[in-house]
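In what follows, a single structure is set out as structure tokens and then discussed.
2 protein chains.
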Amino acid sequence: MTISLKQLSLLLGLSQTTVSRALNGYPEVSEATRKRVIEAAQRHAYMPNPRARSLATGRAMAIGHVLPLAGPSDMVNPIFADFLAGAGTVYTRRGYGVHLSFAEAGREAEHFRWLTRQRMVDAVVLHSPRAEDERARALADLDIVFGVHGLLGARREGYNYVEMDNRAAMELATCHLAGLGHRRIAFLNGPAGLNFAREREAGFLSVMEARSLVPNRLWMLNDEMSEDYGHRTAQRLCRGSPRPTAFLAGSILVAAGVHRAVLEAGLRVPRDVSIVTHDDMLSFLPNGDPPRLTATRSPVREAGQRLADILIDQVEDRTRPPRGVILAPELVLGASTGPAPAEAPA
Amino acid sequence: MTISLKQLSLLLGLSQTTVSRALNGYPEVSEATRKRVIEAAQRHAYMPNPRARSLATGRAMAIGHVLPLAGPSDMVNPIFADFLAGAGTVYTRRGYGVHLSFAEAGREAEHFRWLTRQRMVDAVVLHSPRAEDERARALADLDIVFGVHGLLGARREGYNYVEMDNRAAMELATCHLAGLGHRRIAFLNGPAGLNFAREREAGFLSVMEARSLVPNRLWMLNDEMSEDYGHRTAQRLCRGSPRPTAFLAGSILVAAGVHRAVLEAGLRVPRDVSIVTHDDMLSFLPNGDPPRLTATRSPVREAGQRLADILIDQVEDRTRPPRGVILAPELVLGASTGPAPAEAPA
DNA sequence: TGCATCAGCCAAGGCGTTTTGAAAAGCCTT
DNA sequence: AAGGCTTTTCAAAACGCCTTGGCTGATGCA
Numbered sequence: 002m003t004i005s006l007k008q009l010s011l012l013l014g015l016s017q018t019t020v021s022r023a024l025n026g027y028p029e030v031s032e033a034t035r036k037r038v039i040e041a042a043q044r045h046a047y048m049p050n051p052r053a054r055s056l057a058t059g060r061a062m063a064i065g066h067v068l069p070l071a072g073p074s075d076m077v078n079p080i081f082a083d084f085l086a087g088a089g090t091v092y093t094r095r096g097y098g099v100h101l102s103f104a105e106a107g108r109e110a111e112h113f114r115w116l117t118r119q120r121m122v123d124a125v126v127l128h129s130p131r132a133e134d135e136r137a138r139a140l141a142d143l144d145i146v147f148g149v150h151g152l153l154g155a156r157r158e159g160y161n162y163v164e165m166d167n168r169a170a171m172e173l174a175t176c177h178l179a180g181l182g183h184r185r186i187a188f189l190n191g192p193a194g195l196n197f198a199r200e201r202e203a204g205f206l207s208v209m210e211a212r213s214l215v216p217n218r219l220w221m222l223n224d225e226m227s228e229d230y231g232h233r234t235a236q237r238l239c240r241g242s243p244r245p246t247a248f249l250a251g252s253i254l255v256a257a258g259v260h261r262a263v264l265e266a267g268l269r270v271p272r273d274v275s276i277v278t279h280d281d282m283l284s285f286l287p288n289g290d291p292p293r294l295t296a297t298r299s300p301v302r303e304a305g306q307r308l309a310d311i312l313i314d315q316v317e318d319r320t321r322p323p324r325g326v327i328l329a330p331e332l333v334l335g336a337s338t339g340p341a342p343a344e345a346p347a
Numbered sequence: 002m003t004i005s006l007k008q009l010s011l012l013l014g015l016s017q018t019t020v021s022r023a024l025n026g027y028p029e030v031s032e033a034t035r036k037r038v039i040e041a042a043q044r045h046a047y048m049p050n051p052r053a054r055s056l057a058t059g060r061a062m063a064i065g066h067v068l069p070l071a072g073p074s075d076m077v078n079p080i081f082a083d084f085l086a087g088a089g090t091v092y093t094r095r096g097y098g099v100h101l102s103f104a105e106a107g108r109e110a111e112h113f114r115w116l117t118r119q120r121m122v123d124a125v126v127l128h129s130p131r132a133e134d135e136r137a138r139a140l141a142d143l144d145i146v147f148g149v150h151g152l153l154g155a156r157r158e159g160y161n162y163v164e165m166d167n168r169a170a171m172e173l174a175t176c177h178l179a180g181l182g183h184r185r186i187a188f189l190n191g192p193a194g195l196n197f198a199r200e201r202e203a204g205f206l207s208v209m210e211a212r213s214l215v216p217n218r219l220w221m222l223n224d225e226m227s228e229d230y231g232h233r234t235a236q237r238l239c240r241g242s243p244r245p246t247a248f249l250a251g252s253i254l255v256a257a258g259v260h261r262a263v264l265e266a267g268l269r270v271p272r273d274v275s276i277v278t279h280d281d282m283l284s285f286l287p288n289g290d291p292p293r294l295t296a297t298r299s300p301v302r303e304a305g306q307r308l309a310d311i312l313i314d315q316v317e318d319r320t321r322p323p324r325g326v327i328l329a330p331e332l333v334l335g336a337s338t339g340p341a342p343a344e345a346p347a
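Have a look at this one:
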């Protein structure tokens, strides 16, 4: 079927040792032989058997991504998918595989222990981290290389991570709205416990404060980001008086719900109400041209690539210090934002 | 770190052979020793090293899922995610892993060859099959166990597959609409080349014909299922005269676009226009209670489980004939359908 | 010339399993 | 007591790779 190291060495009249060393770039082999070996390897399409290799080296040549088993969770989350697609290209290029596994919520620590005891993976990626994340603690205790897609609480050093600058994103968005004259802004944020939601709130508040605007605390909401959440909330707020002139939505789904509620209330976008969203899923809901929604965007796919490289670097040289990357978001102007409507006289 | 077979056998005063056989259920070992071995294995939390095992057996103990590398493709598709979540539970339960890899579009065949030559996987799952699928041919030629999430053209035997009954789904939906008196139904189907779209069209047409209704061919459309597609198309059709009284959407995203366009046109759902969609993503857009949209649903997660079991069964006994499963859809009544508005007098 | 050094290569052992072929032990028969 | 079975056990080889330690012949130095 496929040629083995032994066969190749027999073919070349060399020992397995020499062929192995030649291919793996060890110095103790003459350049002439190395060239001959490499050429023969290519000709016979030799590829080392990853299983045998990792049995011998003790290295897994795989990075683990662990997903919660039940419920409408990460796996169904397009962000995760896009992140993995980005990471996947790097893994493939550098000869690593993905080890995808599913763990019951709450038993992740045990799962990690199993993964590492079995040497299934060389490193692990943590998705959707919480501020106080017991999974991160478990990983640190296990002395395994790991990286986080997001931040662990306020900490920004001592571990590998890739994060979009959530604070900057909301600052951009809030600045944009404030610049258009909006003062009554509703902020439909993500779940309160999650880090990125805190960061976003900080960004929102800092701009409001800088502009001497007073945020309406009743309009700052936290929930799972669903279309339903956006719709339900916007419907309620649009009935109130005064109502918001602008909505800041945490995701495209939330924005879609808001948009629907606003239309149903007989209001026009952006004449009566402006909508800005954070868009982390890019291509998932194709925007037209010009884009329908004004949105802040982060390069999720690139985030995956960056973290993959960071992890593999550290796996291959355990002495490397941990690295963190903060990716800058951009604001894409769309057709959903415009000047705030004139204030009704008080 | 973790105990090996050798250490366990030493501990028991038995040979590796006997311990191995005892644990793997071979008959040529006395019940007394087997019991002793199993008990010791549990006590020391022994788990065989999967790499060593598959090196020895030649079996990979993994199922491959190959995704297109570039573009807004499967990976970003929540259907795929949900399917994998379902399959994942079965893989884990039966001791298999997932091998997720990314192949450039058009070079999948080569990728499969590599996967099998390297014995990376014992079986492969094909996603989003086309009627004439060169990937399926490549897999068949390679003599590897594989299964399809969907159908290969009209063929319904000779290979493993799990499919939702697309035809039945559209029959259900069309019957529902026709029963409410709708005659002017627009059908926003998926891409023309894909199988499921053909099946769905057949279902739609068969009911129309059975009820002696004449479908408007100009209202039967095919495209990638995006929110934009739904919006664009519904906007156009709502401007026409006569306009459709009902829309049959291929996915929730399409339905969302339709819904938006209908609202923007100043029409009401379901008073002026009814909407039925096929919902393959279940929990992704949480519906309220009662559900917002009337929808046909298919159990994607269950589909993943079924195919996983079929594949592993065949891997473990290659003589088993291929199996196909067609899962029945259900119609979930929501708030988006109602009686057809009275005809304007002609 | 003798001795140490070094580049280049190799034989063999190890990674943790499964599996083959054979030996040992037990039980019947005769 | 010996032979023939069957049951139970084992030592060793294999899977395909990496790596340790050692071997050869050439080179440098004194």
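Sequence lines, in order, name chains A and B.
Quick note on numbering: the first sequence equals residues 2 to 347 in the numbering used here.
Quick note on numbering: the second sequence equals residues 2 to 347 in the numbering used here.
For each residue, glycine too, the CB sits at the ideal point set by N, CA and C.
Since the structure is predicted, the reported quantities are computational estimates derived from the model, not experimental observations.
Please state if the CB of residue j and the CB of residue i are separated by a distance shorter than 8 Å.
i: A/A296; j: A/V263; result: no
i: A/L24; j: A/A46; result: no
i: B/S275; j: B/L178; result: yes
i: A/L116; j: A/G65; result: yes
i: B/L308; j: B/V163; result: yes
i: A/N167; j: A/R201; result: yes
i: B/T246; j: B/H183; result: yes
i: B/L127; j: B/H150; result: yes
i: A/V316; j: A/V146; result: yes
i: B/G194; j: B/R114; result: no
i: B/S299; j: B/A170; result: yes
i: A/G89; j: B/F197; result: no
i: B/L6; j: A/A53; result: no
i: B/G348; j: B/L152; result: The structure shown does not extend to residue 348 of chain B, since chain B spans only 2 to 347, so no value can be given for it.
i: A/P343; j: A/L181; result: The amino acid occupying residue 343 of chain A in the given sequence is Ala; Pro does not appear at that position. No; because the gap between Cβ atoms is not below 8 Å, this pair is not in contact.
Please state the DSSP three-state secondary structure of residue i.
i: A/H45; result: coil
i: A/G204; result: helix
i: A/F81; result: helix
i: A/V274; result: coil
i: A/N288; result: Only weak support is given to the placement of A/N288: the predicted model assigns it a pLDDT of 43, under 50, and the value that follows is read from those uncertain coordinates. Note: A/N288 maps to coil in three-state DSSP.
i: A/H260; result: helix
i: B/G148; result: strand
i: A/N50; result: coil
i: A/M76; result: Per-residue confidence for A/M76 stands at a pLDDT of 42, beneath the threshold of 50, marking its modelled position as unreliable; the derived number appears in the next sentence. Residue state, collapsed to three classes: helix.
i: A/L332; result: strand
i: A/L13; result: helix
i: B/M171; result: helix
i: A/L283; result: Note that A/L283 has pLDDT 43, beneath the 50 cutoff, so the model's placement of it is unreliable and the number below is only indicative. The answer is helix: DSSP assigns A/L283 an H, G or I state.
i: A/T246; result: coil
i: B/S31; result: coil
i: B/L116; result: helix
i: A/V99; result: strand
i: A/Y160; result: coil
i: B/I4; result: coil
i: B/M226; result: coil
i: A/T18; result: helix
i: A/A86; result: helix
i: B/A347; result: Because B/A347 carries a pLDDT of 42, less than 50, the predicted location of this residue cannot be relied on, and no value is offered for it.
Check each candidate in the options and name the one with the smallest Cα separation from residue i.
i: B/P271; options: B/E265, B/A250, B/G251, B/L294; result: B/L294
i: A/S227; options: A/R233, A/A336, A/V255, A/P130; result: A/V255
i: A/P322; options: A/Q17, A/F188, A/M165, A/G159; result: A/G159
i: B/G339; options: B/G305, B/V277, B/I311; result: B/V277
i: B/D144; options: B/G154, B/D123, B/L153; result: B/D123
i: A/E265; options: A/H232, A/E105, A/A250; result: A/H232
i: A/L222; options: A/G251, A/R319, A/D280; result: A/G251
Exercise for the section: Determine which residues of the segment 99-111 of chain B have a Cβ less than 8 Å from any Cβ of chain A, and write them out in chain order. Expected result: Result list: V99, H100, L101, S102, F103.
Exercise for the section: Could you list the residues in the segment 85-100 of chain B with a C-beta less than 8 Å from some C-beta on chain A, going in chain order? Expected result: Listed in sequence order: L85, A86, G89, T90, T93, G98, V99, H100.
Practice task
Using a Cβ-Cβ cut-off of less than 7 Å, list which residues of the segment 297-319 of chain B approach chain A; keep chain order.
Solution key: For the segment 297-319 of chain B, the beta-carbon criterion of a distance under 7 Å to any beta-carbon of chain A is satisfied by none of its residues.
Exercise for the section: Would you list, in chain order, the members of the segment 3-28 of chain A that have their beta-carbon closer than 8 Å to a beta-carbon of chain B? Expected result: Cβ contacts with chain B: T3.
Practice task
Would you list, in chain order, the members of the segment 114-138 of chain B that have their beta-carbon closer than 9 Å to a beta-carbon of chain A?
Solution key: Listed in sequence order: W115, T117, R118, Q119, R120, M121.
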